[in-house]
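With the numbering used here as the guide, the letters of the sequence shown map in order to residues 1 to 398. Here is the structure we will look at.
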Amino acid sequence: MMAGSRAVLEVVLVTSILAVVGSVDPEVHMDAIELIKSKGYPAERHYVTTPDGYILQMHRIPYSKNANGSSNITRPVFFLQHGLLCSSTNWLTNLANESFAFILSDAGFDVWMGNVRGNTYSRNHTHLTVHDKAFWNFSFDQHSLIDLPAMLTKTMEISTQNKLFYAGHSQGTIMGFAGFTANKTLADHITAFFALAPVTTVKDVKGLFAAVEYVYKPLEYLFNLFGEGEFSPNDEFIDWAADYICPLDIEIEELCRDVIFLICGFDVSNINVTRIPVYYSHTPAGTSVKNIVHYAKEMKSGKFRKYDYGTEGNLKAYGTREPPNYNTSELSVPTALFSGGHDWLADPDDVARLVPQIKDTVFNHTNISYYEHLDFIWGLDARYKVYDPIIEMTKKFL
């Protein structure tokens, strides 16, 4: 499709959406703290510095707006971790009665939301800037093994709790599976792990990663295409990806212009279309090219392992010719899985390979046949299919 025609279609769709909502939604211009406060909830911003110097920002809803003077009561901690190219706002951008963070707060939890290095809220460092190539030298290895322990430790320190519930979406589940198996001390502090759209291997993914792996060989060519810094695809690449992946109808055409939808897929029948401008304003939230290449390499290998630097680089980094695997069979945390039958990134075949490896720790696996990857955070019925059942499951641990 020509760029001019695409632009016309985008204008038509956006105009249609604005006609429905009447004007630009003010949440388009809000940050996470403002989103929380706009719904009448108390909001806190906290920072933690990782051992390698990244300054991560976390957001907290310490108690519900309905607390009725009981703000000093100790509440169980629930930590939410966003997915690839996303941020803490993923848990906040639906209506208050549909967003997981607010639902958890109303259910009596002390809600914390993490932000990994390189995203909108975690772009500071003790001695590097986002303009330094070295700042972007990370993948989900560093998210899992450095960012996650730092954020959870700070959460427990401030909340004075030594146990917490953890829910991750997409890459947030990778962080849990990798982080909790590699760090047994950290795992001991997790009451239960709720994996929404669980990802470990990505052998059967569809969408952007499948297209990239098919077209760009060797995968290191992506560094020539995007550089070695922030993953920031240009219009030409997005045009190619949109045409390659989804030459679809006018309603979906606008979604095909957003890289997060190109990676994850979408189900317009289960999304509040009046919220699309809000979703767009907060995603994509940023990551490194190296992280994208890591996913693409994992797709090629079919394994869940650390970044593959090639034989020489692996010997230097790990002391082995091949990168070490993340051994999910060693997971000791009680885990509940929520998967989707039409998920592009947490493909049903990949999930099927994961389940036997962690069967001793899984106490629930809910598969929602029609769910796409993003339905777990933005689905119109996510409260009833995912969030309320999770809250019910926590009761056995309290």
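Ideal placement from N, C-alpha and C gives every residue a C-beta, glycine not left out.
Item                                                                                                                                                                                : Value
Any idea which residues DSSP pairs residue 58 with across the strands?                                                                                                              : 46
From the DSSP output, read off the bridge partner residues of residue 127.                                                                                                          : According to DSSP, which records beta bridges pairwise, residue 127 is partnered with nothing at all.
Taking 8 Å as the threshold (beta carbon to beta carbon), is residue 125 in contact with chain C?                                                                                   : Protein chain content of the structure displayed is limited to a single chain, and chain C is not contained in it.
I need the DSSP call for residue 196, collapsed to helix, strand or coil.                                                                                                           : strand
Counting beta carbon pairs with one atom in the segment 156-166 and one in the segment 347-358, are three or more of them shorter than 8 Å?                                         : no
Secondary structure at residue 366, three-state DSSP: helix, strand or coil?                                                                                                        : strand
Report the option in 359, 363, 343, 391 whose CA atom is closest to the CA atom of residue 376.                                                                                     : 343
Taking all protein chains shown into account, do 16 or more other C-beta atoms lie within 10 angstroms of the C-beta of residue 363, making it buried, or fewer, making it exposed? : exposed
Determine the direct distance from the alpha carbon of residue 44 to that of residue 33, and round the result to whole angstroms.                                                   : 7 Å
Could you give the distance in angstroms between the alpha-carbon of residue 202 and the alpha-carbon of residue 298?                                                               : 6 Å
Write down every uninterrupted run of the beta strand (DSSP E) in the segment 116-189 whose length is 3 residues or greater and which is fully enclosed by it, in chain order.      : 164-169
Given a cut-off of 8 Å on the beta-carbon distance, is the pair residue 334 and residue 177 in contact?                                                                             : no
So what does DSSP say about residue 346, is it helix, strand or coil?                                                                                                               : coil
Confirm, please, whether the CB-CB distance from residue 387 to residue 401 is below 8 Å.                                                                                           : Any question about residue 401 goes unanswered here, given that the chain covers just 1 to 398.
Buried or exposed: where does residue 316 fall if 16 or more other Cβ atoms within 10 Å of its Cβ makes it buried?                                                                  : exposed
Buried or exposed: where does residue 205 fall if 16 or more other Cβ atoms within 10 Å of its Cβ makes it buried?                                                                  : buried
What are the uninterrupted segments assigned as beta strand (DSSP E) that are 3 or more residues long and contained completely in the segment 307-361, given in chain order?        : 335-340
Along the chain, where does the beta strand (DSSP E) that runs through residue 35 open and close?                                                                                   : Premise fails: residue 35 lies in the alpha helix (DSSP H), 32-38, not in any beta strand (DSSP E).
Kindly identify the DSSP beta-bridge partner or partners of residue 113.                                                                                                            : 59, 80
Quick check on residue 230: does DSSP put it in helix, strand or coil?                                                                                                              : strand
Ordered along the chain, which non-local residues of its own chain (more than five positions away) have a Cβ less than 7 Å from that of residue 101?                                : 61, 80, 91, 92, 111, 113
Would the beta-carbon of residue 58 fall within 8 Å of that of residue 156?                                                                                                         : no
What does the alpha-carbon distance come out to for the pair residue 145 and residue 183?                                                                                           : 8 Å
Which same chain residues end up closer than 8 Å to residue 20 when comparing Cβ atoms and leaving out the 5 residues on each side of it in sequence?                               : In this prediction, residue 20 scores a pLDDT of 45, lower than 50, which makes its location untrustworthy; the coordinate-derived value is nonetheless stated afterwards. Correct list, in chain order: 273, 274.
Taking residue 232 as the reference, give the member of 270, 291, 267 with the closest Cα.                                                                                          : 291
Could you check where the alpha helix (DSSP H) with residue 274 kicks off and where it finishes?                                                                                    : From DSSP, residue 274 is part of no alpha helix (DSSP H); its letter is neither H nor E.
Can you give me the Cβ contacts of residue 77 inside the same chain, cut-off strictly under 6 Å, excluding the 5 residues immediately before and after it?                          : 110, 159, 161, 164
Select from 108, 133, 136, 311 the residue whose C-alpha is nearest the C-alpha of residue 73.                                                                                      : 108
Tell me which residues share the same chain as residue 96 and place their Cβ nearer than 7 Å to its Cβ, disregarding the 5 neighbours each side in the sequence.                    : 39, 102
My guess is that residue 314 and residue 321 are in contact by the Cβ rule of under 8 Å, so how many angstroms apart are they, rounded?                                             : 6 Å
Classify residue 139: buried if its beta carbon has 16 or more other beta carbons within 10 angstroms, exposed otherwise.                                                           : buried
Using DSSP's beta-bridge definition, name the partner residues of residue 476.                                                                                                      : With the chain running from 1 to 398 in the structure shown, residue 476 is simply not present.
Please report the Cβ distance between residue 209 and residue 263, rounded to the nearest whole angstrom; I am assuming they are in contact, meaning their Cβ atoms lie under 8 Å.  : 7 Å
How many angstroms separate the CA atom of residue 248 from the CA atom of residue 186?                                                                                             : Any reading at residue 248 is ruled out, since the residue's pLDDT is 44, under 50, leaving its predicted position unreliable.
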